[in-house]
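Take a look at the structure set out below.
Residue numbers (my numbering): 172 to 405.
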């Protein structure tokens, strides 16, 4: 895979080129989270053909760029919602041990100002592990099952997954969603411990664990993409 920059209307756009022998023609996909164009082309496609293709699709590209996510860093005085509770980021002493903690409605950061974004992101990932593990374990107990292992990631394509071995993976950004939404995803993955499918039996388990799951599912579909604009990792 090769990455290069393409300019449209004085705007530089990152393009990732993948030459695929199974491709019969060029195709383009825009990753609105990473703000990058993924271009797939047959192996012998020339540079001239690639540039011509990009120029011919400029209208489509500009339309996709208008949907791109604008990065919002965690910084001094910013207010973020964590499972329905608002926290204001406070930056304190530059000296002493690097530390982040939740205190009286604030996320207090001790460390260099330029590291606030990174430190808060790491802290929230750890907090997500604690909270999401708790939800999963409660749901698993309810249905008489046991989770083997829970992993917290920064996944872009799915909010969670469950393997046949009982390993559950969850996106830490669920911490930034309403509590009911985070609980729904945990209930969804725990339900897979009994039903490794999306059959009516599966959805009945989800509904028993989280009666208003349809509302949470709809919220994720409408607003989930916005959770990726915060902090590091996009």
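Built from N, CA and C at the ideal position, the CB exists for glycine as well. Remember, it's a predicted structure, so these values are computed and weren't measured experimentally.
Q. Whose CA, out of 262, 229 and 379, lies closest to the CA of residue 247?
A. Here residue 247 refers to the residue found at position 76 when the chain shown is read from its first residue. Nearest C-alpha to residue 247: 262.
Q: Assign residue 367 to one of two classes, buried (16 or more other C-beta atoms within 10 Å of its C-beta) or exposed (fewer than that).
A: Locating residue 367 in the chain shown gives position 196, counting from the first residue. Per the 10 Å Cβ criterion, exposed.
Q. Mind pulling the alpha helix (DSSP H) runs of 4 or more residues that sit fully within the stretch 187–258?
A. 218–227 and 229–236
Q. Cβ atoms of residue 322 and residue 403: under 8 Å apart, would you say?
A. As a working note, residue 403 is residue 232 in the chain shown. As a working note, residue 322 is residue 151 in the chain shown. In this structure, residue 403 lies away from residue 322, with their beta-carbon atoms at least 8 Å apart.
**Q.** Contacts around residue 327, its chain only, beta-carbon distance under 6 Å, and the 5 residues preceding and following it disregarded
**A.** Residue mapping note: residue 327 aligns to position 156 of the chain shown, counting from 1. Closer than 6 Å at the Cβ level, and outside the excluded window around residue 327, lie 204.
(Q) With distance defined between alpha-carbon atoms, name the residue in 221, 251 and 285 nearest to residue 175. (A) Indexing the chain shown from 1 puts residue 175 at position 4. Nearest option by C-alpha distance: 221.
Q. Three or more C-beta pairs closer than 8 Å, one from the stretch 360–374 and one from the stretch 198–218: is that the case here?
A. no
Q. Under the three-state reduction of DSSP, which class applies to residue 287: helix, strand or coil?
A. On the chain shown, position 116 is the one that residue 287 refers to. In this structure, residue 287 counts as helix in the three-state DSSP scheme.
Q. Which residue's Cα is closest to the Cα of residue 282: 266, 389 and 235?
A. Counting from one through the chain shown, the residue named residue 282 turns up at place 111. For residue 282, the nearest C-alpha among the options comes from 266.
Q: Leaving aside the five residues before and after residue 252 along the sequence, list all residues of the same chain whose C-beta is less than 7 Å from its C-beta, in chain order.
A: Position 81 of the chain shown, counted from the start, is the residue given in the question as residue 252. For residue 252, where only same-chain residues beyond five positions count, the Cβ hits under 7 Å are 347.
Q: Please list, in chain order, all residues of the same chain as residue 349 whose beta carbon is under 6 Å from its beta carbon, the five residues on each side excluded.
A: By 1-based counting over the chain shown, the position of residue 349 is 178. Hits under 6 Å: 255.
Q | Residue from 315, 217, 271 and 312 whose Cα sits closest to the Cα of residue 297 | A | Reading the chain shown from its first residue, position 126 is the one you call residue 297. Nearest option by C-alpha distance: 271.
Q) Going by the beta-carbon positions, is the gap between residue 244 and residue 206 smaller than 8 Å? A) Translated into the one-based positions of the chain shown, residue 244 becomes position 73. Translated into the one-based positions of the chain shown, residue 206 becomes position 35. Their beta carbons are not under 8 Å apart, which means residue 244 does not touch residue 206 by this criterion.
Q. Quick one: what's got a C-beta closer than 6 Å to residue 229's C-beta in the same chain, skipping five residues either side?
A. Against the chain shown, residue 229 aligns to sequence position 58. For residue 229, where only same-chain residues beyond five positions count, the Cβ hits under 6 Å are 179.
Q. By Cβ distance below 6 Å, which residues in the same chain neighbour residue 280 in space, the five residues on each side in sequence not counted?
A. Working through the chain shown from its first residue, we reach residue 280 at position 109. Result list for residue 280: 262, 271, 287 and 290, in chain order.
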